[in-house]
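Residue numbers (full-length UniProt numbering), protein chains in the order written: chain A, 1 to 221; chain B, 1 to 221; chain C, 1 to 221; chain D, 1 to 221.
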């Protein structure tokens, strides 16, 4: 009898489902599209399954087109805190830079940092693990001649330093994209290698983002 | 004995101080300067004393230079909700328009409205009475030829319509400034009548703002 | 014999064709489109024929999309002086204002005036009669709330004052458009009354421009 | 007698002064300041004297603050063609890029190229030797994180390619500045190494420009 009970207990433990970690991808139109069938979020999910970790993670996209860091803050309570995630991958900054020139409605770095810092602190207080990403590209030319290269580098540098100083996992998308484009853009095109339109990701772009993000998420299982 | 008690009770009520209503002025550099010795906030206080209502109101400035509507939202919890005010006079919008051209970091109207609306709703939920102001001026020329006149009119119109629709007291500073400048700017100067630098208020500007705001605050005693 | 010669001389004079005055319309995309079948230039021609003055004028369009005042100066020798016109109607300024916000490549008023003045002087030296036009609209809202209204008014004011001071015929398109929109835009739409897209002219817009221009050209017969 | 005459003739030829080549430096505020006592033009002159070539060249500054390529074209007849120079060093492009963000009045590359090309062709027709310079810097950070680095690189690339294709001597100031800053800006400051304010040259900057320009001018003696 005792033996049977022990067996049952073992069985119970063995089959008890692991509580999946909820991962929110929090960002702009790239993340909004990233939740679509060919987007980076399903690709992260595939990489996860390939690694036999499907029971460990669930992935949720919370991207809205045109968002800048303060638009994330606007919906931070509802789309992050109220969702009770374990991990939040923040992929923001492109519109903060881009909209300066398209519509005069970007975000200066000091405010970019202030809003970002406030969200990171609120996540930490809520026991949520943040992951930070550097902004990828606005234009794919690989000779530092895209209009916003200087500003993107400036914001990316801030993110890298903030993440290092605060021990936050970093997905250095800008670095990954630059390396990829150095090798794979011999004609120095401004789009068509990782993006469809200089900013939004094509299949190769979504795959690269998924691979880089999965490297950062996987160890947190 | 009963008589004495009654007398005591009457005395108690008579001398019990009225609880002052706390009025927060929530805004940008104009409000930050408005809290200074020659600013509009001490002038509102003077108008209040003139009307023998010093016991009814206390006035607190919460203005920070460069603020746009989303910068107000950034510090809304700490500077408004946590302060437990009765009334909040929101005077914002100039930088949302102005920074579009100076640094590419203004706010488009749709987002301006979304952030404003969210704060108004949170105030109402907290039992706080909001008062809305239209943005005054960027340039004092009175023939509709200041660079941002069109955009300021566009944002002012939204504020007027929102206030009307939601039964929120309105201080139409833009209208007041325009009327004043029609009469008092015969040389069509771009500064020096109500502002020192096209935007920030001189003594006359602070007085005009104080008078208009006091008209809206006084009935809420 | 003498009588016959006299008759012949009279006949010669009577049938000698009047030398047509060559009128160049010099401008941006509005003028480029204005040379098309439904554009304002054929409509000026129709008004001219209606007034039985077809033998007095010929009309030539020299408009190129995106042109600012300095783009006119770039091709001034080839497209104006070398064409030996009698009259040049200059219709420029919208892109000088508009491109400030769309691509950061507009023209400040001081330089706008300098280039304009240089071309006017060169025309006068060459015996060419200039006609100046104020810029029409960027947005058709009639309550001074179009983004660039302030700046357009500022440039229009300069053109009016320059024309008055230098005795140059003026076609005040901005004034004509404003008057028309006050009466004919009750829903305060931003396009569709005189323009297709806030800037470029529909049929009604082309007709209004043609009528106003013809009023200025006709007396120069 | 014949002998004496021959001697006299020889003496005449020997002492006849070489006609100095007139070199115009044509540019913006950097060139305007470059004509001042500590500017790059007197420094070019000093380098010229050091090389015992004082009799071969004379140097004239034609720089005006705020100039973009089309402002050069505006005064091209008066300040270049009418001056009958032998050599013109064109140093332009910073404001074409910079003013996009400061005042919305920069120049897009296609027009930058069109105006530049027109002036080069007119110089060639007039027998004037042009020398082209790439724009130096807007910000001295050496990690590609200055706001306009991408755009400056884009314009510099166009100038390099145009000069190569048309066999025009090139002074690659941007390259020289970048190399210098890689070695001499260890703290990654945004000003103070070659500029006083991110753009305008200090003593070291003026010397570097003078050295690079002299290398291009000297062989044309």
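Note that the Cβ used here is the ideal one computed from N, Cα and C, for glycine as well.
On a predicted model such as this, the values are computed, not experimentally measured, just so you know.
Using 7 Å as the cut-off, classify the Cβ of residue 98 of chain B as near or not near the heavy atoms of the ligand PLP, replying yes or no. This structure does not include the ligand PLP; it has no bound ligands of any sort.
What residue does the beta strand (DSSP E) around residue 87 of chain A start on, and which one ends it? Element bounds for residue 87 of chain A: 87-91.
How would you write the range of the alpha helix (DSSP H) that residue 157 of chain B sits in, first residue to last? It spans 149-165 - the alpha helix (DSSP H) in which residue 157 of chain B sits, taken as one unbroken run.
Give the range of the beta strand (DSSP E) segment to which residue 83 of chain A is assigned. For residue 83 of chain A, no beta strand (DSSP E) encloses it, and the DSSP letter there is neither H nor E.
Residue 58 of chain D: first and last residue of the uninterrupted beta strand (DSSP E) it sits in: Unbroken beta strand (DSSP E) run through residue 58 of chain D: 57-63.
By the three-class DSSP mapping on this structure, what secondary structure does residue 170 of chain A have? Residue 170 of chain A falls in the strand class under three-state DSSP.
Quick check: the region 37-57 of chain A against the region 93-102 of chain A, are there 3 or more CB pairs under 8 Å? Too few Cβ pairs lie closer than 8 Å, so no.
Since I believe residue 220 of chain A is in contact with residue 125 of chain A (beta carbons under 8 Å), could you give me their beta-carbon distance rounded to a whole number of angstroms? A Cβ-Cβ separation of about 18 Å leaves residue 125 of chain A out of contact with residue 220 of chain A under the 8 Å criterion.
According to DSSP, is residue 199 of chain D part of a helix, a strand, or is it coil? Coil, per DSSP.
Candidates A/145, A/82, A/140 and A/98: closest to residue 127 of chain A by CA position: If we check each option's Cα against that of residue 127 of chain A, A/82 comes out closest.
Within chain C, the residues that residue 100 of chain D reaches when beta carbons sit closer than 7 Å: Those are 104 and 105, listed as they occur along chain C.
Tell me which residue opens and which closes the beta strand (DSSP E) that residue 111 of chain A is part of. Per DSSP, residue 111 of chain A lies in no beta strand (DSSP E); the unbroken alpha helix (DSSP H) holding it starts and ends at 109-125.
Where residue 143 of chain A meets chain D, residues with beta-carbon distance less than 8 Å: Chain-ordered, the chain D residues with CB closer than 8 Å to the CB of residue 143 of chain A read 153 and 157.
Identify the contact partners of residue 114 of chain A in chain B, using a Cβ-Cβ distance below 8 Å as the criterion. By Cβ distance, chain B contributes 74.
Could you name the residues of chain C that residue 167 of chain B contacts, counting a contact when the two beta carbons are closer than 7 Å? For residue 167 of chain B, no chain C residue has a Cβ inside 7 Å of its Cβ, as the nearest lies near 23 Å away.
Nearest-angstrom beta carbon gap, residue 120 of chain C and residue 216 of chain C [assumed within contact, 8 Å]: Residue 216 of chain C to residue 120 of chain C, Cβ: 15 Å. No contact.
Once DSSP output is grouped into helix, strand and coil, what is the label at residue 101 of chain C? In the displayed model, residue 101 of chain C falls within a helix according to three-state DSSP.
Span of the alpha helix (DSSP H) around residue 42 of chain D: For residue 42 of chain D, the enclosing alpha helix (DSSP H) begins and ends at 40-50.
For a contact meaning CB atoms closer than 7 Å, what does residue 93 of chain C contact in chain B? Correct list: empty, because the minimum Cβ distance to chain B is about 13 Å.
Residue 187 of chain D burial status per 10 Å Cβ neighbour count (16 or more: buried): Around the C-beta of residue 187 of chain D, fewer than 16 other C-beta atoms lie within 10 Å, and the residue is accordingly described as exposed.
Nearest-angstrom Cβ-Cβ length linking residue 79 of chain B and residue 154 of chain B, presumed shorter than 8 Å: Their Cβ separation, rounded to whole angstroms, is 27 Å, which puts residue 79 of chain B and residue 154 of chain B out of contact at 8 Å.
Of the residues that make up the region 167-184 of chain D, which ones have a beta carbon closer than 9 Å to any beta carbon in chain E? In the structure shown, chain E does not exist; the protein chains are A, B, C and D.
Residue 27 of chain A - partner residues in DSSP beta bridges: DSSP, once it has assigned bridges, lists A/63 and A/91 as partnering residue 27 of chain A.
Can you find a C-beta in chain C that's less than 8 Å from the C-beta of residue 36 of chain B? No, residue 36 of chain B does not count as interfacial toward chain C.
Counting only C-beta atoms, is residue 108 of chain C closer than 8 Å to chain D at any point? Taking Cβ atoms only, chain D reaches closer than 8 Å to residue 108 of chain C, which makes this a yes.
Say whether the region 131-141 of chain A touches the region 167-174 of chain A, bearing in mind that this needs 3 or more beta-carbon pairs closer than 8 Å, one atom from each stretch. The answer is yes - the region 167-174 of chain A touches the region 131-141 of chain A, with three or more Cβ pairs under 8 Å.
Given that a residue counts as buried once 16 or more other Cβ atoms are within 10 Å of its Cβ, and exposed if not, what is residue 77 of chain B? A residue is called buried when at least 16 other Cβ atoms come within 10 angstroms of its Cβ; residue 77 of chain B does not meet this threshold and is exposed.
Candidates D/59, D/117 and D/43: closest to residue 168 of chain D by CA position: Cα-wise, what sits closest to residue 168 of chain D is D/117.
Residue 146 of chain D versus chain A: which residues are under 7 Å apart at the beta carbon? Annotation: Cβ neighbours of residue 146 of chain D in chain A (cutoff 7 Å, chain order): 150.
Using the three-state DSSP reduction, which class does residue 21 of chain A fall into: helix, strand or coil? Strand.
Is it a yes or a no for the region 96-116 of chain B touching the region 62-71 of chain B, going by three-plus beta-carbon pairs under 8 Å? Yes, they touch.
Test: residue 70 of chain C CB closer than 8 Å to a CB of chain D: Cβ-Cβ to chain D under 8 Å: yes for residue 70 of chain C.
Indicate whether residue 206 of chain B and residue 39 of chain B have their beta-carbon atoms separated by less than 8 Å. With contacts defined as CB atoms closer than 8 Å, residue 206 of chain B and residue 39 of chain B qualify as a contacting pair.
Residue environment, residue 182 of chain C, which counts as buried when at least 16 other CB atoms sit within 10 Å: Residue 182 of chain C comes out exposed.
Mind checking who residue 178 of chain D pairs with in its DSSP beta bridge? According to DSSP, which records beta bridges pairwise, residue 178 of chain D is partnered with nothing at all.
Can you list, in chain order, the residues of its chain with a C-beta nearer than 6 Å to that of residue 100 of chain B? Leave out the 5 residues immediately preceding and following it. Hits under 6 Å: 106.
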